[in-house]
Amino acid sequence: MNIYRRELKAHRKSLIIWSVSMALLVAGGMGKYSAGMGAGAGGFNEMMDKMPQSLQKLFGVGVFDLSNVLDYFGVLFIYLALMAAIHATMLGAGIISKEERDKTAEFLMVKPISRANIITSKMFAAGTIVLVFNVATSVSSYAMLSYYANGTLFSDGLWKLMASLLAIQMLFLAVGSFFAAVISKPKLSSAAATGVLLFMFMLSVVVDLSEKLAPLRYITVFKYFDAKDILIEGYEAAYPILSILLLTVCIYSTYHFYRKRDLKI
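For the sequence shown, the positions run 39 to 303 when my numbering is used.
Next up, the structure:
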């Protein structure tokens with residue numbers, strides 16, 4: 039029994055659906071860039087300047103030049119990150135608890151394979167799915183930016199964003215698997231993982247609106263890979279360290295709790 043291949047085959051259809059959905063999100067977002075540029079480069083920024091101050095901070099007005107195709111994509115990036123994070127979280131939670139959810143846990147338990155090896159195969163399969171999803175998103179993003187760039191150089195910045203997107207995906211994949219290993223009820227574990235994700239996303243938005251809340255940026259993954267930092271201001275040294283720490287804790291905990299708990303057959 040090859041668990042790795044089995045999981046890839048089981049998630050093939052959903053991967054295609056998610057990849058197409060992400061491509062449509064990129065196309066729709068960049069289509070608004072085309073509409074905004076219809077008023078001219080200066081007109082686009084002037085239109086954004088008329089927004090309320092809170093929305094200006096949210097969209098990076100004053101940091102990004104929204105007439106620049108890469109800077110505009112930087113504004114869109116947070117929504118791509120949210121969608122990719124949801125996919126990764128659901129995948130991480132689902133791939134670990136699938137047998138219990140479907141009442142087929144005995145199928146794995148009667149095989150001559152340890153729980154640690156089961157987790158390893160499942161996590162490698164999930165990592166492969168996340169990587170393919172990231173590549174599909176990168177290709178669609180590159181295609182759309184190439185269409186609207188009009189000679190503007192964007193490749194280096196785009197690849198930095200896509201590498202950061204992959205890091206976000208891997209972190210939330212680990213978060214999802216952690217909750218699935220700790221919480222025995224599949225529906226509850228998925229809901230808890232998604233709740234943490236949405237909390238982090240909302241917190242990242244709130245942090246942008248008030249400088250007094252800036253210290254809270256260290257507890258939301260979305261601020262570790264903020265497009266403004268990636269493209270303009272540069273990474274803060276603490277973010278990679280926190281990312282590695284979170285990834286290590288979640289993966290270790292997944293193995294630890296999954297091996298010890300009683301699986302519902």
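Glycine included, C-beta positions come from ideal geometry on N, C-alpha and C.
Review point. Should residue 261 be labelled buried (16 or more other beta-carbon atoms within 10 Å of its own) or exposed?
Key: The residue labelled residue 261 in the question sits at position 223 within the sequence shown. Per the 10 Å Cβ criterion, buried.
Review point. Looking at the structure shown, is residue 214 part of a helix, part of a strand, or coil, going by DSSP?
Key: Position 176 of the sequence shown holds residue 214. Residue 214: helix per DSSP, three-state reduction.
Point to revise | Within 8 Å, strictly: CB atoms of residue 118 and residue 64 | key: Position 80 of the sequence shown, counted from the start, is the residue given in the question as residue 118. Position 26 of the sequence shown, counted from the start, is the residue given in the question as residue 64. In contact: residue 118 and residue 64 (Cβ atoms closer than 8 Å).
Check your understanding: Touching or not, the stretch 171-182 and the stretch 196-213, by the rule of three or more beta carbon pairs under 8 Å?
Key -> yes
Point to revise | Assigned secondary structure, residue 176 (DSSP; H/G/I helix, E/B strand, else coil) | key: One-based indexing of the sequence shown puts residue 176 at position 138. In the structure shown, residue 176 sits in a helix (DSSP, three-state: H, G or I).
Review point. Using CA coordinates, which residue listed in 230, 255 and 229 is at the minimum distance from residue 241?
Key: For this step, residue 241 is matched to residue 203 along the sequence shown. Residue 255 is the option with its Cα nearest to residue 241.
Check your understanding: Which word fits residue 109, buried or exposed, when buried means at least 16 other C-beta atoms lie within 10 angstroms of its C-beta?
Key -> For the purposes of this step, residue 109 is taken as the residue at position 71 of the sequence shown. Buried is the call here.
Check your understanding: alpha helix (DSSP H) containing residue 192: first to last residue?
Key -> Walking along the sequence shown from the start, residue 192 turns up at place 154. Where residue 192 is concerned, there is no enclosing alpha helix (DSSP H), given that its DSSP letter is neither H nor E.
Point to revise | CB-CB length for residue 153 against residue 222, believed under 8 Å | key: Position 115 of the sequence shown holds residue 153. Position 184 of the sequence shown holds residue 222. About 14 Å; that fails the 8 Å criterion.
**Study point:** Given residue 277 as reference, the closest of 297, 166 and 253 once Cα atoms are compared
**Key:** Residue numbering aside, residue 277 sits at position 239 when the sequence shown is read from its first letter. Among 297, 166 and 253, the Cα nearest to that of residue 277 belongs to 253.
Review point. Ordered along the chain, which non-local residues of its own chain (more than five positions away) have a Cβ less than 6 Å from that of residue 289?
Key: For this step, residue 289 is matched to residue 251 along the sequence shown. The answer, listed in chain order, is 212.
Check your understanding: For the putative contact between residue 235 and residue 244, defined by C-beta atoms under 8 Å, what is the C-beta separation to the nearest angstrom?
Key -> Counted from its first residue, the sequence shown places residue 235 at position 197. Counted from its first residue, the sequence shown places residue 244 at position 206. The pair is not a contact, with the Cβ atoms about 15 Å apart (cut-off 8 Å).
Review point. Can you tell me whether DSSP reads residue 262 as helix, strand or coil?
Key: Residue numbering aside, residue 262 sits at position 224 when the sequence shown is read from its first letter. Three-state result, residue 262: helix.
Check your understanding: Does the Cβ-Cβ distance between residue 186 and residue 107 come in under 8 Å?
Key -> As a first step, residue 186 must be located in the sequence shown, where it is residue number 148. As a first step, residue 107 must be located in the sequence shown, where it is residue number 69. Between residue 186 and residue 107, the CB-CB gap stays under 8 Å.
Point to revise | Range covered by the alpha helix (DSSP H) that runs through residue 225 | key: Your numbering for residue 225 matches position 187 in the sequence shown. From DSSP, the alpha helix (DSSP H) with residue 225 extends over 224-247.
Check your understanding: Among 184, 191 and 230, which residue has its Cα nearest to the Cα of residue 68?
Key -> To locate residue 68, count along the sequence shown from 1; it is residue 30. Nearest option by C-alpha distance: 184.
Check your understanding: Are residue 268 and residue 191 close, meaning C-beta to C-beta below 8 Å?
Key -> As a working note, residue 268 is residue 230 in the sequence shown. As a working note, residue 191 is residue 153 in the sequence shown. Not a contact, by the Cβ cut-off of 8 Å.
Exercise for review: Could you have a look at residue 66 and say whether DSSP puts it in helix, strand or coil?
Suggested key: For the purposes of this step, residue 66 is identified with residue 28 of the sequence shown, where counting begins at 1. In this structure, residue 66 counts as helix in the three-state DSSP scheme.
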